[in-house]
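Trainee: Sharing a structure, written as structure tokens. Questions coming.
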Amino acid sequence: MALQRVSFRIRQTVACARSIHTSGCRHLQEALAVEPERNPEPFSIFRTQESDPACQLENHVGQYYTLPPAHIQTVFPHGLPARFQLQMKTFNEGCVMVRPPALEVISYLKRADYSKPALRFLFYGVKGSGKTMSLCHTVHYCSTQGWLVVHIPDAHLWVKNCKELLPSSYNGSRFDQPLQATNWLRNFRVTNEQFLSKIQTRHRYVWTKREFTEEGRPLGELVDQGITRVKSSSDVVGAVIKELRLQSGQPEGCFRMAVAVDGLNALWGRSTIKKEDKSPVSIEELTLMHNLRKLVKNDWCGGAIITALSQTGSLYTPKTAYLPHVLLGEEGFDRMDPFVPVTVSNYSEKEFESCYLYYQDRQWLQHPQSRTEEGKKELVFMSNRNPSALERLCAFL
Amino acid sequence: MAASCARTVGSLLGKCGTCASNINTITSRLSRQICSSSALHRKNLAAAGPEKFTVEFIQKQVEEFNIGKRHLANMMGEDTENFTQEDIDRSIAYLFPSGLFEKRARPLMKHPEEIFPRQRAIQWGEDGRPFHFLFYTGKQSYYSLMHEIYAKIQSLERQQDRLRAKGLLASDTTPLSLGSSRWIIKEELEGIVMETVTDHDYQRFLQLMARLAALPQARAEGGWVLRFRQQLEAQASRQAVAALQADAQGRAFSTAEGRRKTSNSSVVLRDGGSGRATVNGSELLSYFPVFQDREQVMFPLQFAGVLGRLDVEAEVSGGGRSSQAGAVRLAISRALLGFLSEREVENMRQAGLLTPDPRVRERDKPGQEGARRKFTWKKR
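Set out below in structure tokens:
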């Protein structure tokens, strides 16, 4: 609510009017005409002042909304794609485009019944079409609604390039990844600061002969235990997940949980981690992945599971694969069934126009040819309206 | 080796001199015959210069050519009187089919003037006196040509003066129209004049010809002047333009093929589209992930300014990514000709879009690592 008031104030203080780009912007001009209840946006046609995802509607599709800087630090310590973080640093602001897939999922989340088992959503699409960004948009919505967000930025990072692999103390046949687990717990603490003191543990956890966590202790203590004692951090992650799953739907817990997993196909793929005798480690043998699979199963209620596929970081998958049944495989698809698939496609004409205007506004397109119509046609042809291809085309050399 | 052995044998026999005179004569004759083919008498071919043909020899060749032409026409069952050079070329290609790549190495039958290089006739008589009065200038043909041009200029000016004196000067004479032609270059002038022409001489020649052509009544000498001009043919008129066809919905489309290195591509360009491009059934972005390849495919469309208008459906096989992109680019350029005007076609030709790239992989040679790379040189 405070956000809405702030944005209203910003809208009123704006005085300057930028020239409206007239060619090919009929859709955007219609959008402007449709919202009479708001003040006419004097900035530009591709931006919207509505930075609360809950209040974004269909007429905001194609427009950029600014992520408040405070939110970027708390909600997305590790969630945003690397190239987007570079862009944020260059432009001094984080602007996300409002697109139909994210709006669709947010509308489902608004109308869902949280006493039933958690709904599962899956973003899929060709490479570079904006699945991770849609996921981040949805996570921002969940965060502004006061949910507890469990965000795994890329599950592929946990199945490759593991520097330290320890045999698990809890289960001898499994392997721990202390560094990845500690890193994740640190980011989890940053995101969900306010819940750590409210949620209490339901079980007693024994870590070593001397260390244990009693029942009824705040969750924050559990998380700190995992961060300080690196060796047992993977088991702490498992314990945290167990606690959250138990408590999310309870009326006295009064919090809703959003599980956001990017690169879901890593859970049922192959890993490149090798044991000391050079034999490959399977996914079940990794503690983190084992717990993640339990989290993504919809046997808990009071929240939602939002996931995205990714071919880019995946192992042993062909480059052209993007469909769910191809990337998840038979086993993964069966485990994930039932889920709501959401297609993320390349930019439409309106969205492309918006992105082009945004780059122009940020003075990112320096070449004089880029300001002409022929230049725009070139960009359309070369990028095929693919968001990541366009971003790389317009990037520095 | 055998010759030298024989020579030594012959010289030994000759030097002995102990044999009878008849044996001597025989051996000397023998040795003479053997010695005539020895290395000592071999001519210094490099110093001789190009082979010289006499006028009689050339005349004989011309007669033989004409007779041969009639025989060939009879063989092919065609009209002996109207047998042109094109017919001769066709008949020879039919009778002597050759698979040689070098066209100049294939069998040919042409008029001796085209085969034997033109040579200067003997310029002095039996008494040693030269025929031409300008012989002692060293470049008699060149200077006689310059005199001829100047004589024509003078005669035209005198004619103009006479007409002006009589008052019959026509004031609306149009100057000589040279059309789309250019003056002959220095090498061509050397070929006409059969002498070395320096740059300075060439410049003076051009100046004098320009002066002649600029005279108002130069029309009378128009034919003679045009002998020293070379016609420039518009290259674009030689392009084979793929015809536009219409499909069932009435959309215009054209097909063309292109090749580069070992890649072959065939492209269909359809009108009235949204500017989408598909290669082998998949999107351009996924088939050519590299920016350079997509740029090559885009270039002909961007040059012609039809980027958002035409849809591209390409099929390509063979080669690597760069040669496939080049093949698609050439095929698109060729297919595009049907949609463009002649001026735009000429612009595309000058931009190099219609020229097939002749570069192919060079063969590896024996005794070397690759085509050019030699094995590591070891001093010992």
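Residue numbers (this note's numbering), protein chains in the order written: chain W, 7 to 403; chain A, 3 to 382. C-beta: ideal position from N, C-alpha, C; glycine also.
1) Check the DSSP bridge columns for W/Cys101 and list the partner residues they point to.
2) Please give me, in chain order, every unbroken run of the alpha helix (DSSP H) with length at least 4 that falls completely inside the segment 314-363 of chain W.
3) Can we say the segment 321-332 of chain A touches the segment 261-269 of chain A, given the rule of at least three CB pairs closer than 8 Å?
4) Use the C-beta contact count for A/Trp379: other C-beta atoms within 10 angstroms, 16 or more gives buried, fewer gives exposed.
5) Determine whether the Cβ of W/Val2 lies closer than 8 Å to any Cβ atom of chain A.
6) Along the beta strand (DSSP E) that carries W/Asp268, what are the first and last residues, could you check?
7) If we require 3 or more residues per run, which beta strand (DSSP E) segments fall completely within the segment 84-130 of chain W?
8) Decide if A/Glu371 is buried, meaning its Cβ has at least 16 other Cβ atoms within 10 Å, or exposed.
9) Of all Cβ atoms in chain W, is any one closer than 8 Å to the Cβ of A/Ser319?
10) According to DSSP, is W/Trp306 helix, strand or coil?
11) Nearest to W/Met103 by CA position, among W/Arg398, W/Leu399 and W/Pro393, is which residue?
12) How is A/Trp185 classed by DSSP in three states: helix, strand or coil?
13) Please classify W/Pro374: does DSSP put it in a helix, a strand, or coil?
14) Does the count of Cβ pairs from the segment 204-222 of chain W and the segment 270-285 of chain W closer than 8 Å reach three?
15) DSSP on A/Gly225, reduced to helix/strand/coil?
16) Suppose you measure from the CA of A/Asp201 to the CA of A/Phe103; what does that come to, to the nearest Å?
17) Less than 8 Å between C-beta atoms, sequence neighbours within five positions excluded: which residues of the same chain meet that for A/Leu171?
18) Using a Cβ-Cβ cut-off of 7 Å (strictly less than) and excluding sequence neighbours within five positions of A/Phe98, which residues of its own chain qualify?
19) Quick one: grab the DSSP three-state call for W/Phe218.
20) According to the neighbour-count rule (16 or more other Cβ atoms, all chains shown, within 10 Å of its Cβ), is A/Ser33 buried or exposed?
21) Could you spell out where the beta strand (DSSP E) holding A/Thr257 opens and where it closes?
22) Residues of chain A with CB under 8 Å from W/Thr326, in chain order?
23) Kindly list, in the order they appear in chain A, the residues whose Cβ is closer than 8 Å to that of W/Glu384.
24) State yes or no: is the beta carbon of A/Arg296 nearer than 8 Å to at least one beta carbon in chain W?
25) Using a threshold of 7 Å, is the CB atom of W/Gly226 nearer than that to any non-hydrogen atom of the ligand COA?
26) Could you tell me whether the Cβ atoms of W/Pro330 and W/Tyr114 are closer together than 8 Å?
27) Taking the alpha carbon of W/Met139 as the reference point, which residue from W/Pro123, W/Gly152 and W/Asp160 has its own alpha carbon closest?
28) Any residues in the segment 346-377 of chain W with a beta carbon nearer than 7 Å to a beta carbon of chain A? Which ones, in chain order?
29) When we look at the beta-carbon of A/Ile117 and count the other beta-carbons within 10 Å, is it buried (16 or more) or exposed?
30) Tell me the DSSP secondary structure of A/Asn76 in three-state form.
31) Rounded to the nearest angstrom, what separates W/Gln69 and W/Thr219 at their Cα positions?
32) Starting from the C-beta of W/Gln1, find all residues in its chain whose C-beta is less than 8 Å away, skip the five residues before and the five after it, and write them out in chain order.
33) Using a Cβ-Cβ cut-off of less than 7 Å, list which residues of the segment 246-278 of chain A approach chain W; keep chain order.
34) On the three-state DSSP scale, how would you describe W/Ile279?
35) At a cut of 8 Å, does the segment 73-88 of chain W reach the segment 373-393 of chain W through at least three beta carbon pairs?
36) With H, G and I counted as helix, E and B as strand and the rest as coil, what does DSSP make of A/Ala245?
Mentor: Well, looking at it:
1) W/Thr72
2) 330-342
3) yes
4) Answer is exposed; the Cβ neighbour count stays below 16.
5) The first residue shown for chain W is 7 and the last is 403, placing residue 2 of chain W beyond what the model contains.
6) Met263 to Asp268
7) 100-103 and 125-130
8) exposed
9) no
10) In the displayed model, W/Trp306 falls within coil according to three-state DSSP, outside both helix and strand.
11) Checking every option, the nearest Cα to that of W/Met103 belongs to W/Pro393.
12) strand
13) helix
14) no
15) helix
16) 37 Å
17) Gln162 and Leu165
18) Pro109
19) strand
20) Note that A/Ser33 scores a pLDDT of 48, beneath 50, so its modelled location is shaky; the value from the coordinates is reported in the next line. By the 10 Å Cβ count, A/Ser33 comes out buried.
21) Ala254 to Arg262
22) Ser284 and Ser288
23) Those are Met300, Gln304 and Leu309, listed as they occur along chain A.
24) yes
25) Judged by which ligands are present, the structure shown has none, so any question about the ligand COA falls away.
26) Taking 8 Å as the Cβ cut-off, W/Pro330 and W/Tyr114 do not qualify as a contacting pair.
27) W/Asp160
28) none
29) exposed
30) helix
31) 48 Å
32) What the structure shows of chain W is the stretch from 7 to 403, and residue 1 of chain W is not part of that stretch, so it cannot be assessed.
33) Gly277
34) coil
35) Touching, no, given that fewer than three Cβ pairs across the two stretches are closer than 8 Å.
36) coil
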